[in-house]
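Inspection log for the structure reproduced underneath, given as structure tokens.
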Amino acid sequence: METNGKTACIFGANGVSGTAMIEALLKEPASEWKSIIALSRRPLQGADFHNDNRLHSLSADLLETDVDTLSDQLSKVNGHEITHVYFYAYIEKQDEKELVNVNRELLKRALDVIVKTVQAEKNHGSFQSFALQTGYKYYGVHKGALYIASRPFQEDAKRHSGSNFYYDQEDLLKEYATKYNFSYLITRPNGNYMNAAVSLAIYCCIRQELNESLAFPGAKSIRKCLSDWSTAANNAEFQLWASIHSKNEIFNIHDGTPIKYSELWHAITEYFDPNSKQQDPKKQDECLPITLVEYMKDKRDVWQRLAQKHQLDPMAFDYATWHFVDFVFGRYHYIFGDVTGDLSRARKLGWTKTYSTVNGFYETFDKLKQLNIIPK
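Now the structure itself:
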């Protein structure tokens, strides 16, 4: 298999997952990855990225920019040489039908742009792999106990009834891969895809700005349950590795060791409030009495005040995915027991790494500070 002179294209490059993939690629030698094209709606954040001349940043809205224009932009940075694509673009919608439609369209636009760009230069044979990151929603974790697959989740689990935008995306990718003769990679991490760390960080900062305790943002019933998590760096390194060492495969991916929700939250509160260890145990176990969706309804002005005070990204509040974090933390559906995925398929391929979930959150919070998403 070809291993030299590869060119990567990242859609959704400004999110936690996208920036993690940029960092993973930049750690690789230029002899392996000669060019990295990062596409996002806003200009790429992170000054350190710009120190490597392999990185080309493009700003464009996938839904608002036509395919020909996007293809022309890619061609200006040798997009016809793209060999690998990593797709992380996502738009949150509360209405399920809208969620399915808009995220299917995002992926379709990306696929159409790539196909047009590599074919325009009659160089289609060089394009090798398109990686799509989905997640545990595939297994029905957002639907509740009547829909959820058997645990630990396995990649060949039967699809639940009803709609699921991951099903539409995976089917669309497979259709294009077959039609245009490239391979696909689908990874299913738990949690990180929707940038839970961003939402939790903004929640903690707002609570502190209001002089409120860092109450556990989830349901009390889930505090002692185990869940595996997927650190962005771990996801990126695995996706990079698997896109070279596999073809047309689907993998679960997580950090390797599940952690209780209560233990994770205690670690997060210690990051934002180092004195939280000295709190009364009852205070440490306090739960937010309402959902984050409800809590955040009147908090935009608080965030704007914070952003002005600390020169933060004024749009950061909109990056949060409150509804997603609510269901991850057990607010909408009572899924009793642990929520974990089987890593056997990835391990069998040769993936042996494990990550510290707590350290992964800490590193992400540090990165959010560097990007002026939260106060330093």
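Numbered as in full-length UniProt numbering, the sequence shown ends at 376 without a single skipped number. Glycine residues also receive a C-beta, built at the ideal position from the N, C-alpha and C atoms.
| request: Measure how close the beta-carbons of L185 and S246 come, nearest whole angstrom, since I'm counting them as under 8 Å. | output: Yes, L185 and S246 are in contact; Cβ-Cβ is about 6 Å, under 8 Å.
| task | Taking the CB atoms as reference points, tell me whether F182 and S243 lie closer together than 8 Å. | result | One thing to note: F182 has its Cβ no nearer than 8 Å to the Cβ of S243.
| For S75 and F329, the rounded distance between their alpha carbons | 43 Å
| query | Is it right to say I290 is buried, meaning 16 or more other beta carbons lie within 10 angstroms of its own, or is it exposed? | reply | exposed
| said: Bridge partners for N252 per DSSP, in chain order? | reply: In DSSP, N252 forms a bridge with R188.
| query | What's the gap between the Cα of G360 and the Cα of A233? | reply | 8 Å
| said: Using DSSP's beta-bridge definition, name the partner residues of H56. | reply: I37
| said: Please determine whether the Cβ atom of I36 lies at a distance below 7 Å from any heavy atom of the ligand SAH. | reply: The ligand content of the structure shown is nil, which means the ligand SAH is not present either.
| said: Mapping the DSSP letters down to three states, classify F216 as helix, strand or coil. | reply: strand
| query | Are D168 and V118 closer than 8 Å when you measure CB to CB? | reply | No, the pair does not count as a contact, with Cβ atoms beyond the cut-off.
| query | Taking the alpha-carbon positions, what's the A13 to Q311 distance? | reply | 22 Å
| Is the beta carbon of A197 sitting closer than 8 Å to the one on I374? | no
| Just reading off the alpha helix (DSSP H) that C205 is part of, what are its end residues? | A196 to E209
| Buried or exposed: where does G79 fall if 16 or more other Cβ atoms within 10 Å of its Cβ makes it buried? | buried
| query | Is the Cβ-Cβ distance between I259 and L226 less than 8 Å? | reply | yes
| message | Just verifying my parser: in three-state terms, what is the DSSP assignment at T3? | response | Residue placement at T3 cannot be trusted, given a pLDDT of 48 that sits under 50; what the coordinates show is reported in the next sentence. Three-state result, T3: coil.
| Expressed to the nearest angstrom, what Euclidean distance is found between the alpha-carbon atoms of K137 and G18? | 20 Å
| Okay, do the region 147-158 and the region 107-118 touch, 3+ Cβ pairs below 8 Å being the bar? | no
| task | Output the distance between the C-alpha atoms of L58 and E286, rounded to the nearest integer angstrom. | result | 44 Å
| Which same chain residues, not among the five before or five after K97, have their C-beta less than 8 Å away from its C-beta? | These residues qualify, in order along the chain: S163.
| Local conformation of S183 per DSSP, three classes | strand
| C-beta contact flag for T83 and S31 at 8 Å | Taking 8 Å as the cut-off, the Cβ atoms of T83 and S31 do not count as close.
| query | What number of angstroms, rounded off, separates the C-alpha of D301 from the C-alpha of V325? | reply | 21 Å
| said: DSSP three-state label for G360, please. | reply: DSSP places G360 within a helical segment (H, G or I) once states are collapsed to three.
| request: Measure the C-alpha to C-alpha separation of Y180 and K297 and round it to an integer number of angstroms. | output: About 45 Å.
| field | Cβ-based neighbour list, H56, same chain, cut-off 6 Å, excluding 5 preceding and 5 following | value | I37 and V77
| request: To the nearest angstrom, report how far apart S161 and I91 are at their CA atoms. | output: A straight line joining the alpha-carbon of S161 with that of I91 spans about 23 Å.
| Bridge partners of S129, per DSSP? | H84 and S183
| task | Can you check DSSP and say which residues form a bridge with L226? | result | Beta-bridge pairing links L226 to K260.
| Would residue 378 be called buried (16 or more neighbouring beta carbons within 10 Å of its own) or exposed? | Here the chain has residues from 1 to 376 only, and residue 378 is not among them.
| request: Tell me, please, which residues DSSP counts as bridged to A339. | output: Correcting the residue identity first, residue 339 is Val in this sequence and not Ala. Note: V339 sits in a beta bridge opposite S227.
| field | Three-state secondary structure (DSSP) of G12 | value | G12: coil per DSSP, three-state reduction.
| field | Close-in-space but distant-in-sequence residues of the same chain around Q94 (CB under 8 Å, 5 per side omitted) | value | H323
| query | With 16 other CB atoms within 10 Å as the buried threshold, where does Q304 fall? | reply | Q304 comes out exposed.
| task | Can you give me the Cβ contacts of F238 inside the same chain, cut-off strictly under 8 Å, excluding the 5 residues immediately before and after it? | result | T187, F251, I253, A346, W351 and K353
| Selection from V85, L172 and I148 that minimises the alpha carbon distance to W241 | V85
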